[in-house]
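Chains as they are written, first to last, in our numbering: chain A, 4 to 115; chain B, 14 to 127.
Beta carbons: idealized from backbone N, C-alpha and C, even for Gly.
Note that the structure is predicted; figures quoted are calculated from it, not measured.
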Amino acid sequence: NAGVTQTPKFQVLKTGQSMTLQCAQDMNHNSMYWYRQDPGMGLRLIYYSASEGTTDKGEVPNGYNVSRLNKREFSLRLESAAPSQTSVYFCASSYANLNEQFFGPGTRLTVL
Amino acid sequence: AQSVTQLDSQVPVFEEAPVELRCNYSSSVSVYLFWYVQYPNQGLQLLLKYLSGSTLVKGINGFEAEFNKSQTSFHLRKPSVHISDTAEYFCAVRPPSNTGKLIFGQGTTLQVKP
């Protein structure tokens with residue numbers, strides 16, 4: 004099992020460009036999450052999907068959109084990147100809402 | 014709103030010494046508590062969790078944590094650290110809802126020196 008995989012690992016964007024971060028899990032988990040990690044602030048939830056076909060906002064959703072493509076995949080899109088979105092992005096999944104979350108290796112994004 | 018406070022941003026310690034990483038949370042109701050570890054340039058890995066039952070929870074790599082409801086704390090301890098324990102440690106709380114959302118603390122960097 005690969006667990007939770009994320010692509011790309013690194014990305015540099017210019018302000019105003021768009022991109023999609025991909026996440027996939029092979030553990031048959033129902034719930035998936037997107038976090039961003041910034042120094043001194045821990046991880047903050049951007050969006051989550053409790054089950055296939057549903058998505059909800061987290062703590063910091065502005066500037067992002069998500070798609071739960073199927074049970075395995077949950078993508079995060081930046082429509083018009085801003086320097087404030089420079090961060091490390093983590094995808095996570097869990098079997099159900101109340102179970103522990105498993106994390107991917109992260110995507111390091113820099114917006115110039 | 015729920016919050017998690019990790020009282021130390023950095024904890025330097027010598028190899029084979031004991032260590033305690035402190036975590037306090039704000040909640041007047043029952044919550045689930047977690048400690049995660051992040052090694053350099055990697056994702057987060059679960060160390061241990063408290064859901065219910067015994068207040069002393071044992072995790073991987075010799076770590077343990079004690080849930081103290083009256084002090085709303087969940088401190089992480091290890092009696093003897095190794096160089097390989099150098100990492101960032103995150104305390105997290107799951108509020109009593111069915112959304113599965115985690116609220117993370119700011120993180121504590123454990124630096125183990127030879």
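Whole-angstrom distance between residue j and residue i, CA atom to CA atom
{"i": "A/SER70", "j": "B/PRO127", "result": "47 Å"}
{"i": "B/TYR38", "j": "B/GLN15", "result": "7 Å"}
{"i": "B/SER83", "j": "B/VAL17", "result": "15 Å"}
{"i": "A/GLY56", "j": "B/GLU79", "result": "38 Å"}
{"i": "B/GLU28", "j": "B/THR68", "result": "27 Å"}
{"i": "A/LEU48", "j": "B/GLN58", "result": "17 Å"}
{"i": "B/TRP48", "j": "B/ILE116", "result": "11 Å"}
{"i": "A/ASN4", "j": "A/MET30", "result": "7 Å"}
{"i": "A/HIS32", "j": "A/PRO42", "result": "29 Å"}
{"i": "A/GLN25", "j": "A/TYR67", "result": "13 Å"}
{"i": "B/ARG35", "j": "B/VAL26", "result": "14 Å"}
{"i": "B/GLY72", "j": "A/ASP59", "result": "31 Å"}
{"i": "B/LEU60", "j": "B/ALA105", "result": "11 Å"}
Residue closest to residue i, alpha-carbon to alpha-carbon, out of the options
{"i": "B/SER22", "options": "A/MET44, A/LYS60, A/ALA95", "result": "A/MET44"}
{"i": "B/SER65", "options": "B/SER40, B/VAL44, B/PHE76", "result": "B/VAL44"}
{"i": "A/GLN9", "options": "A/ASN68, A/GLU76, A/VAL15", "result": "A/GLU76"}
{"i": "B/ASN81", "options": "B/LEU60, B/VAL70, B/LYS91", "result": "B/VAL70"}
{"i": "B/VAL42", "options": "B/VAL26, B/ARG107, B/THR121", "result": "B/ARG107"}
{"i": "A/TRP37", "options": "A/VAL15, A/VAL7, A/GLY19", "result": "A/VAL7"}
{"i": "A/ALA85", "options": "A/ASN65, A/CYS94, A/ALA95", "result": "A/ASN65"}
{"i": "B/GLN119", "options": "A/VAL63, A/PRO11, A/LEU46, A/THR23", "result": "A/LEU46"}
Local Cβ density within 10 Å of residue i, reported as buried at 16 or more and exposed below that
{"i": "A/SER90", "result": "buried"}
{"i": "B/VAL32", "result": "buried"}
{"i": "A/SER52", "result": "buried"}
{"i": "A/ALA27", "result": "buried"}
{"i": "B/ALA100", "result": "buried"}
Terminal residues of the beta strand (DSSP E) in which residue i lies
{"i": "A/LEU112", "result": "110 to 114"}
{"i": "A/ILE49", "result": "46 to 52"}
{"i": "A/MET35", "result": "34 to 40"}
{"i": "B/PHE47", "result": "45 to 51"}
{"i": "B/HIS88", "result": "86 to 91"}
{"i": "A/ALA84", "result": "First-last for A/ALA84: undefined, no H or E at that position."}
Residue i Cβ short of 7 Å to the ligand ZN heavy atom set
{"i": "B/SER65", "result": "In terms of ligand content, the structure shown is empty, and the ligand ZN therefore cannot be addressed."}
Under 8 Å between C-beta atoms of residue i and residue j
{"i": "A/PHE106", "j": "B/GLY56", "result": "yes"}
{"i": "A/SER78", "j": "A/SER34", "result": "no"}
{"i": "A/LEU72", "j": "A/TYR92", "result": "no"}
{"i": "A/SER21", "j": "A/SER83", "result": "yes"}
{"i": "B/PHE87", "j": "B/LEU46", "result": "yes"}
{"i": "B/LYS91", "j": "B/PHE103", "result": "no"}
{"i": "A/GLU103", "j": "B/LYS114", "result": "no"}
{"i": "A/VAL15", "j": "A/LEU81", "result": "no"}
{"i": "B/THR9", "j": "B/GLN19", "result": "With chain B running from 14 to 127 in the structure shown, residue 9 of chain B is simply not present."}
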